[in-house]
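Below you'll find the structure, written out as structure tokens, and then a few comments.
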Amino acid sequence: MKVRQLIKAAAVDYTVLAEGASAELEVTTVTADSRRAGPGSLFVALPGSRVDGHDFLAAAVKQGCRVVLCQPGCRLPTEKAPEVLHLATADTRAAFGRLCAALRGFPAQEMVMIGITGTNGKTTASYLLEDLIRRAGGEPGVIGTVNYRYRNRVLPATHTTPDPESLQPLLREMAEAGVSHVIMEVSSHALEQQRVAGIAFDAALFTNLSHEHLDYHGDMESYFAGKKLLFNRYLKPGAAAVVLSGRAEQDDASLDCWNQRLIDELSPRVLPPGCRRRPKAGEVRLWRCGAAGNELRLLRRRLSLAGIEAELQSSEGAWRLSSTLVGDFNLDNLLGVAGVGLALGMTPATIAAALADAAPPPGRLERFRSRRGVEVLVDYAHTPDALGHVLKALRRLATGRLVVVFGCGGDRDRAKRPLMGEVAAALADIVVLTSDNPRSEAPAAIMADIQRGLATVDARRGRLESLLAAPLNRRTTCQGYDLVVSRRQAIRDTIYHARSGDVVLVCGKGHETSQIIAGSCLDFDDRREVREQLAVLATTG
Numbered sequence: 001m002k003v004r005q006l007i008k009a010a011a012v013d014y015t016v017l018a019e020g021a022s023a024e025l026e027v028t029t030v031t032a033d034s035r036r037a038g039p040g041s042l043f044v045a046l047p048g049s050r051v052d053g054h055d056f057l058a059a060a061v062k063q064g065c066r067v068v069l070c071q072p073g074c075r076l077p078t079e080k081a082p083e084v085l086h087l088a089t090a091d092t093r094a095a096f097g098r099l100c101a102a103l104r105g106f107p108a109q110e111m112v113m114i115g116i117t118g119t120n121g122k123t124t125a126s127y128l129l130e131d132l133i134r135r136a137g138g139e140p141g142v143i144g145t146v147n148y149r150y151r152n153r154v155l156p157a158t159h160t161t162p163d164p165e166s167l168q169p170l171l172r173e174m175a176e177a178g179v180s181h182v183i184m185e186v187s188s189h190a191l192e193q194q195r196v197a198g199i200a201f202d203a204a205l206f207t208n209l210s211h212e213h214l215d216y217h218g219d220m221e222s223y224f225a226g227k228k229l230l231f232n233r234y235l236k237p238g239a240a241a242v243v244l245s246g247r248a249e250q251d252d253a254s255l256d257c258w259n260q261r262l263i264d265e266l267s268p269r270v271l272p273p274g275c276r277r278r279p280k281a282g283e284v285r286l287w288r289c290g291a292a293g294n295e296l297r298l299l300r301r302r303l304s305l306a307g308i309e310a311e312l313q314s315s316e317g318a319w320r321l322s323s324t325l326v327g328d329f330n331l332d333n334l335l336g337v338a339g340v341g342l343a344l345g346m347t348p349a350t351i352a353a354a355l356a357d358a359a360p361p362p363g364r365l366e367r368f369r370s371r372r373g374v375e376v377l378v379d380y381a382h383t384p385d386a387l388g389h390v391l392k393a394l395r396r397l398a399t400g401r402l403v404v405v406f407g408c409g410g411d412r413d414r415a416k417r418p419l420m421g422e423v424a425a426a427l428a429d430i431v432v433l434t435s436d437n438p439r440s441e442a443p444a445a446i447m448a449d450i451q452r453g454l455a456t457v458d459a460r461r462g463r464l465e466s467l468l469a470a471p472l473n474r475r476t477t478c479q480g481y482d483l484v485v486s487r488r489q490a491i492r493d494t495i496y497h498a499r500s501g502d503v504v505l506v507c508g509k510g511h512e513t514s515q516i517i518a519g520s521c522l523d524f525d526d527r528r529e530v531r532e533q534l535a536v537l538a539t540t541g
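Position one of the sequence shown corresponds to residue 1 (UniProt numbering), numbered consecutively onward.
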């Protein structure tokens, strides 16, 4: 495609800073990486907090690139690039996304696009929606934290939401493979960095918002502002905005405040029920899921370690929903997914049948049973809110002691570490602190940060073996904690010393298959460690 045609298709407003090359040049790639630039490339200089693409304009030209796009005020010396078409636009991030989409023929327009955002629950919701769309006769494609997948192809995930240079070719592949619906986990980073520019979503689900990524966003208001961009900037006119309202976990209504704020902000833009006119830009169809008065209402629920039984009500009447997923927070996920299904025109019968058969995603409260009567669950919970939801759910269901094994990632938000410790000590009987992905930090320093939270509930340190040998004392909030730096040892020792009736939660890494320590990426999988230890105990008694 010629430069002039591409820019027109992408609807990018620009000015010409230097016309050393013709706008009739053929463009075969759009890139923001000067190392990938070359003849036939259009290089887009993206601003950044640590690395600024404008510093690499000359490097892109040296690679043979003859078309560059930058922000206003950045000029490439003419003597260094006499044969370069140098363009400027007000927002290169937005332009980059639209140019990548235009070069691939806007593939998202050929499929139903479903975006999921929120702190927790995105991955579980994406797996449930995948099963639901397949049951309804569609062909789903998924872009998310665990991997990117469609048809029988599975690709490793580089980011929860990839950059436009990777995202748009992937969407084109999906469209050509016959994918009908794309389910995309959309992170706050991706929204702020406009990685989904050039995409208009047919439906968007907001799960929840809690403390996470504040090392990037700074505060919760900024984090919320990033998340709601999905609803304010990237929805088609008349698209479905699905928001959980009145959470299943009724004893913590404060966690619903961000969801309610989103509903309040969307309300002036909601299409009236039964409206038949063509929707205007910015107008949405709102689906609130959970509390009385919502479009999808939870009437009754029954929870156990075997799963969830719920009675729901929508405009179609009352209907039942069953699932093997565990916990209130997963009931939230089911409600949100059911809301998306209804918004897309699926029947309650189709939704109920699909969700009844849906298995938990990898590493999302994945259950492993021991012959000795110990329940072991592996989960991805790595925020204070997520950890609290999982522990509260298991606290209600456990007949014996609730033991949690976790750590916090290095070189990431330190503020959440004591919060994680406080949540763990308040809700678990025994806490085992260990390494997560320490990266360049010393594991002991990370655990010391977590211990500050444990101290707020007066948790005392003891030897793991002794803590697990002691009888359960229901009068004590937390019977104690221990530090085991090796994650493998922490998992194996905890399972080895646990007794019948105990519930062991190993959390923080979930589906991940590596551990990052001191710059090295090591092979490690919580689920494999659990299976191997349970297998050893099964053979040794």
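Every residue gets a Cβ at the ideal spot worked out from N, C-alpha and C, and that includes glycine.
Check, Outcome
"Are the C-beta atoms of GLY118 and some chain E residue less than 8 Å apart?", "Absent from the structure: chain E. Only one protein chain is present."
"On the DSSP letters alone, give me the boundaries of the alpha helix (DSSP H) that THR161 sits inside.", "Segment: none, THR161 is in no alpha helix (DSSP H) and carries neither H nor E."
"Considering just the uninterrupted stretch of the beta strand (DSSP E) at residue 559, what are its terminal residues?", "Outside the shown range of the chain, which is 1 to 541, sits residue 559, and nothing can be said about it."
"Cutting at 7 Å between CB atoms, please list the residues of its own chain near ALA32, excluding the five before and the five after it.", "VAL44, LEU46, GLY53, PHE96 and GLU165"
"Rounded to whole angstroms, how far is the Cβ of VAL506 from the Cβ of ALA498, which I believe are closer than 8 Å?", "Wrong, their Cβ atoms sit about 11 Å apart, outside the cutoff."
"Classify TYR380 as helix, strand or coil using the three-state DSSP reduction.", "coil"
"Helix, strand or coil: which one does DSSP assign to VAL27?", "coil"
"At 3 residues or longer, and completely inside the UniProt domain \"Mur ligase C-terminal\" (363-510): list those beta strand (DSSP E) runs for me, N to C.", "366-369, 375-379, 402-406, 430-433, 480-483 and 503-507"
"Give me the residue from VAL432, LYS509, ASP502 and SER520 with the minimum Cα distance to VAL485.", "VAL432"
"How far does the alpha helix (DSSP H) with HIS54 in it reach, from first residue to last?", "From DSSP, HIS54 is part of no alpha helix (DSSP H); its letter is neither H nor E."
"Does LEU522 pass the burial test, meaning 16 or more other C-beta atoms within 10 Å, or should it be called exposed?", "exposed"
"Would you check if there are 3 or more beta carbon pairs closer than 8 Å linking the region 187-204 to the region 150-167?", "yes"
"Does DSSP put ALA349 in a helix, in a strand, or in coil?", "helix"
"Write down every uninterrupted run of the alpha helix (DSSP H) in the region 67-111 whose length is 4 residues or greater and which is fully enclosed by it, in chain order.", "92-103"
"Counting only the same chain and skipping the five closest in sequence on each side, list residues whose C-beta sits under 6 Å from that of LEU171.", "PRO107 and ALA108"
"For PHE206, which beta-bridge partners are listed by DSSP?", "THR117 and VAL243"
"What are the boundary residues of the beta strand (DSSP E) that includes CYS257?", "Premise fails: CYS257 lies in the alpha helix (DSSP H), 257-266, not in any beta strand (DSSP E)."
"Taking ASN333 as the reference, which of ALA125, ALA535 and SER500 has the closest Cα?", "ALA125"
"Nearest to GLN5 by alpha carbon, out of LEU229, GLY105, ALA381 and GLU422?", "GLY105"
"Using 10 angstroms around the beta-carbon of GLU366, count the other beta-carbons present and answer buried if the total reaches 16, otherwise exposed.", "buried"
"Among CYS65, VAL51 and ARG36, which one has its Cα closest to the Cα of GLY20?", "CYS65"
"Taking the alpha carbon of ASP202 as the reference point, which residue from THR29, ARG233, GLY38 and LEU17 has its own alpha carbon closest?", "ARG233"
"Kindly give me the distance between the Cβ atoms of ILE263 and LEU205, rounded to whole angstroms, as I take these residues to be in contact under 8 Å.", "Going by Cβ atoms, the distance from ILE263 to LEU205 rounds to 13 Å, so no, they are not a contact pair."
"For ALA190, name the three-state secondary structure that DSSP assigns.", "helix"
"Considering only the alpha carbon of each residue, which of VAL3, ALA102 and ALA241 lies closest to MET113?", "ALA241"
"Unbroken alpha helix (DSSP H) runs of length 4 or more, entirely within the region 277-302: which are they?", "none"
"Could you tell me whether the Cβ atoms of LEU69 and LEU25 are closer together than 8 Å?", "no"
"Quick check on PRO348: buried or exposed, where buried means 16 or more other Cβ atoms within 10 Å of its Cβ?", "buried"
"So for ALA18, helix, strand or coil by DSSP?", "strand"
"How is PHE524 classed by DSSP in three states: helix, strand or coil?", "coil"
"Apply the 10 Å Cβ neighbour rule to SER41 and answer buried if 16 or more other Cβ atoms are within range, or exposed otherwise.", "buried"
"Within the present structure, is the beta-carbon of GLU529 separated from the nearest heavy atom of the ligand COA by less than 7 Å?", "Judged by which ligands are present, the structure shown has none, so any question about the ligand COA falls away."
"With a cut-off of 8 Å, do at least 3 Cβ pairs link the region 173-188 to the region 219-237?", "yes"
"Using alpha carbons as the reference points, say which of ARG75, GLY453 and ARG396 lies closest to LEU305.", "ARG396"
"Expressed to the nearest angstrom, what Euclidean distance is found between the alpha-carbon atoms of ALA177 and LEU321?", "32 Å"
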